[in-house]
Amino acid sequence: MPVDFGRGCRKGGEPVKRTVVFTDLDGTLLDARTYSFDPALAALGMLRERHIPVVICSSKTRAEIEHYRVKLRNGDPFIAENGGAVFVPRGYFAMDGGLSVPSGDDDDSRYLVLRLGASYRDLRGALTQLRDEGFDVRGFGDMTAEEISTVTGLPLSEAVMAGKREFDEPFLFSGDPQMRGELVASIERKGFRITRGLFYHILGESDKGKAVSIVTGMFRREYGDVMTVALGDSPNDLPMLRCVERPIIVEKGGGGYDRILAAESFERAEGAGPEGWNRAVMQLLEKVDR
Ligand SMILES: [Mg+2]
């Protein structure tokens, strides 16, 4: 859905730098336990009023993000599976954001899809090898939708969407925490990486930061310089937070910030998940141009 995102002008004719918001979902815009974004409705309404794009950047799948985009009435590009792919609604940018994507399986009629992540089959293969090496790992691909629903707390219909992985595999690691270092090393020896959100994730060279940089480039190509903001709560958000001008972290459900993110000089929103999100975005909007 094309948005009214024309380049505004101040009274003197000087161009206004427009804002683009990138956001994580789980534990950030969505409550970590209930997956509700209700506490952020006020800020979401103001963003919509001002036509400020909200680019979802989540470890969730395309299917899950589509579900939330409908609930949020969001028509902006989005980033799925920890930066595994960028989805740009056709016609959103003039010249499709400069994307030249060969037609193929990914050439969805609604989006241009830029694949950045590893193939899911390869990730699943790596997980099998890890099990053979004695690591107690269990991926979403090993679980029924009912099991995914149990471990995530998602309703069954959303657990089905969560299982539709394409570029990133969330997994549980029940082994000795001492073996975590060996697990990381073994994953890296296989040419993959590990990150952490609500779960561990095995993925390829992609991360949220690379995908956010690409999408920022598309907005800049279209609208000139933009002011980038990102909100996150977990270590998998670190690359995204590092590549924007205004990185903001929200508190965890039990209070306090993620230890790894707190070690950085990021802006701290007071409040867990969507409450912190709402507060930070409202404060931001008070300062940026209408
Ligand atoms: Mg999160």
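In our numbering, the protein residues as written are 104 to 393.
Just so it is clear, CB atoms sit at the ideal spot from N, CA and C, and this is done for glycine as well.
Bear in mind the structure is a predicted one, so any value in this text is a computation, not a measurement.
#1: With respect to the beta strand (DSSP E) encompassing ILE182, which residues constitute its N-terminal and C-terminal limits?
#2: Leaving aside the five residues before and after ARG362 along the sequence, list all residues of the same chain whose C-beta is less than 6 Å from its C-beta, in chain order.
#3: With DSSP as the reference, identify every bridge partner of VAL315, one or two as the case may be.
#4: DSSP has MET394 in a bridge; who is on the other side?
#5: State the DSSP-derived secondary structure class of GLU272, mapped to helix, strand or coil.
#6: Does the structure place the stretch 315-325 close enough to the stretch 252-261 that three or more beta carbon pairs sit under 8 Å?
#7: Using the Cα positions of PRO192 and MET264, report the straight-line distance between them to the nearest angstrom.
#8: What separation, rounded to the nearest whole angstrom, lies between the Cα atoms of ALA288 and THR231?
#9: For VAL189, tell me which candidate among PHE196, PRO180, ALA197 and TYR195 has the shortest Cα-Cα distance.
#10: Return the residue from the list GLY130, ARG121 and VAL123 that minimises the CA-CA distance to GLY374.
#11: Between which two residues does the alpha helix (DSSP H) containing ARG292 stretch?
#12: Please go through the same chain and pick out, in chain order, the residues whose beta-carbon is closer than 6 Å to the beta-carbon of TYR171, but skip the five residues on each side of it.
#13: Could you check if SER337 belongs to the surroundings of ligand 1, using beta carbon to heavy atom distance under 8 Å?
#14: For GLU291 and LEU132, what's the separation of their Cα atoms in angstroms?
#15: What is the residue span of the beta strand (DSSP E) that GLU354 lies within?
#16: What's the C-alpha gap between SER277 and ARG241?
#17: Anyone know if the C-beta pair for ILE182 and SER212 falls short of 9 Å?
#18: Starting from the C-beta of PHE196, find all residues in its chain whose C-beta is less than 7 Å away, skip the five residues before and the five after it, and write them out in chain order.
#19: With hydrogens ignored, establish whether the beta-carbon of SER162 is closer than 8 Å to any heavy atom of ligand 1.
#20: Going straight from the alpha carbon of ARG175 to that of VAL124, what length do you get?
#21: Is there at least one Cβ from chain D nearer than 9 Å to LEU286's Cβ?
#22: Regarding THR131 and ligand 1, is the C-beta to nearest heavy atom distance less than 8 Å?
#23: So, for LEU388: in the same chain, excluding its five sequence neighbours on each side, which residues have a beta-carbon less than 6 Å away from its beta-carbon?
#24: With DSSP as the reference, label ALA135 as helix, strand or coil.
#25: Please report the distance separating the alpha-carbon of LEU306 from that of VAL315.
#26: Any heavy atom of ligand 1 closer than 8 Å to the beta-carbon of LEU128?
#27: Please indicate yes or no: does the CB of GLY78 lie closer than 8 Å to some heavy atom of ligand 1?
#28: Verify the contact flag: ASP340, CB atom, against every heavy atom of ligand 1, threshold strictly below 8 Å.
#29: What is the C-beta distance between ALA145 and MET385, in whole angstroms, given that I count them as a contact (C-beta under 8 Å)?
By the coordinates alone:
#1: 181-183
#2: none
#3: VAL315 pairs with nothing; no bridge assigned.
#4: It is not possible to answer for residue 394, since the shown part of the chain is limited to 104 through 393.
#5: strand
#6: no
#7: 20 Å
#8: 16 Å
#9: PRO180
#10: GLY130
#11: 283-292
#12: none
#13: yes
#14: 31 Å
#15: 349-354
#16: 8 Å
#17: no
#18: MET321 and GLU325
#19: yes
#20: Just to set this straight, residue 175 is Leu in the shown sequence, not Arg. LEU175 and VAL124: Cα-Cα distance of roughly 14 Å.
#21: Chain labels in this structure do not include chain D; a single protein chain is all it has.
#22: yes
#23: MET149
#24: coil
#25: 17 Å
#26: yes
#27: What the structure shows of the chain is the stretch from 104 to 393, and residue 78 is not part of that stretch, so it cannot be assessed.
#28: yes
#29: 7 Å
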